[in-house]
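**Student:** Residues in the sequence shown are numbered from 445 upward in steps of one, following my numbering. Mind looking over this structure? Questions follow.
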Amino acid sequence: MRSGREAAAHAEPKEPRLILRWDGVQWVPETIAPDYAAAQRLVHGIRGDGSF
445 MRSGREAAAH AEPKEPRLIL RWDGVQWVPE TIAPDYAAAQ RLVHGIRGDG
495 SF
């Protein structure tokens, strides 16, 4: 993470993202996405690169 001021989720878009899932009791780590775009595709169930 960046030190100092907090940044928006899309800051540092090329950095890896930890994906968490709610198991009914707590948030648990599920996987690591290589970047922000890949994380969005995983979380929203988009296959491929998301293009039409």
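The beta-carbon is built from N, C-alpha and C at its ideal position, and this holds for glycine as well.
What do you get for A455, buried or exposed, if any count of 16 or more other CB atoms within 10 angstroms of its CB means buried?
**Tutor:** The sequence position of residue 455 within the sequence shown is 11, counting from 1. Under this definition A455 is an exposed residue.
**Student:** Helix or strand or just coil, what does DSSP make of R491?
**Tutor:** Counted from its first residue, the sequence shown places residue 491 at position 47. Assignment of R491 by DSSP, reduced to helix, strand and coil, places it in the coil class.
**Student:** Please confirm whether any heavy atom of the ligand SAH lies closer than 7 angstroms to the CB of H488.
**Tutor:** The ligand SAH is not part of this structure, which contains no ligands at all.
**Student:** Residues in its own chain within less than 8 angstroms of I463 by CB, not counting five upstream and five downstream?
**Tutor:** Position 19 of the sequence shown, counting from 1, holds the residue named residue 463. Cβ within range, chain order: P473, E474, T475, I476, A477, A483, L486 and V487.
**Student:** Please name the residue or residues paired with V472 in a DSSP beta bridge.
**Tutor:** Taking the sequence shown and counting its residues from 1, the one referred to as residue 472 is at position 28. DSSP lists R465 as the bridge partner or partners of V472.
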